[in-house]
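*Asks:* There's a structure below that I have some questions on.
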Amino acid sequence: MPAPDSPAHLHALLQFRGGTAARPTAAAAAPGLGRIVQAEEYLSQAKWTVLKSTECSYATHSLLHRNLGLLYMAKENYEEARYHLANDIYFASCAFGTEHIRTSGGYFHLANIFFGLKKLDLADTLYTKVSEIWNNYLNDHYQVLSQARIQQIDLLGKRFETDTGLDEAQEAEAIQILTSILNIRESTSDKAPQKTVFVLKILVMLYHQMMNSSKAQEYATRAFNLAKEQQLSVQEQNAVQDLLNLISAEEAHPVT
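Each residue of the sequence shown is one higher than the last, beginning at 295 in the working numbering.
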């Protein structure tokens, strides 16, 4: 058990509190000003602990700045929020890499700020980056799992709790981020339907790896119907059809 006020203890607390703060509207939806004041007091103490410590990791700095960014978003101080989210992205990139799912949350929340400020080109660029990061992660992870199954081995010599490689909080964050982006894409799907189909396909892979076949089937069907309605390229329609067939086949013959 890490000692109170130690870097490890602080990181654990920030991670715990960040689990709910990862939802961009969570703080804004919290009832009353008291909740924001309480969060501000806590984060002020956390910031002081980080500043005076020489042992805090890049990951801890990232979590602190993300929480501060979300706090200032809730207070509608978008300039300060952007400052902290930029720092979140910097420290997360140092800890995990610029294209890592742990870094994608900073891009996502920054995109939400730009979207709210009607800076739609900047928001679109960041939403696309977040989508691509999750698409790459889920596809790479699926390939690893597929290879392991072909060899009839389990990567860790035991059964996975889920097939995503994510913990429960990360899965919840992925669902929240991707469905939020989907809602935004669907509001402009007539202008760029391929972007909507792209996010739908990512959600298919996420729910498929979470072994939620009904949700995977639902999003695959929506992607296929939209691709046909918007007369996307034959290649795109075939890709969605292949994904739909994959979900249907694995549902009919589950891997045991």
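Just so you know, even glycine gets a beta-carbon here, dropped at the ideal spot from N, CA and C.
Could you tell me the alpha carbon to alpha carbon distance between Ser284 and Gln524, rounded to whole angstroms?
*Replies:* With the chain represented from 295 up to 550, any question about residue 284 goes unanswered, as that position is not in the structure.
*Asks:* Helix, strand or coil for Asn371? Go by DSSP, reduced to three states.
*Replies:* Note: Asn371 maps to coil in three-state DSSP.
*Asks:* How many whole angstroms separate the CB atoms of Ala340 and Leu364, which I take to be in contact at a CB cut-off of 8 Å?
*Replies:* About 13 Å separates the two Cβ atoms, so there is no contact after all.
*Asks:* Using a threshold of 8 Å, state whether the C-beta atoms of Ser398 and Ile427 are closer than that.
*Replies:* yes
*Asks:* Given a cut-off of 8 Å, decide if Val498 and Ala486 are closer than it, judged by their beta-carbon atoms.
*Replies:* no
*Asks:* Starting from Thr524 and walking both ways along the alpha helix (DSSP H), at which residues does that stretch end?
*Replies:* Reading off the sequence, residue 524 comes out as Gln, not Thr. It is not in any alpha helix (DSSP H) - Gln524 carries neither H nor E in the DSSP assignment.
*Asks:* Let's see if you can read the secondary structure: which residues bound the alpha helix (DSSP H) around Asn506?
*Replies:* Looking at the DSSP string, Asn506 is not in any alpha helix (DSSP H), and its letter there is neither H nor E.
*Asks:* Given this structure, state the Cα-to-Cα distance separating Gln529 from Asp536, to the nearest angstrom.
*Replies:* 10 Å
*Asks:* Let me know the secondary structure DSSP gives Ala486 once reduced to three states.
*Replies:* coil
*Asks:* Below 8 Å CB to CB, which residues in the same chain sit around Ile552 once its five sequence neighbours on both sides are set aside?
*Replies:* Nothing about residue 552 can be reported from this structure: the residues present for the chain run from 295 to 550 only.
*Asks:* Alpha carbon to alpha carbon, what distance is there between Ile395 and Glu467?
*Replies:* 10 Å
*Asks:* Since Val424 and Phe402 should fall inside the 8 Å C-beta cutoff, what is the C-beta to C-beta distance between them, to a whole number of angstroms?
*Replies:* 5 Å
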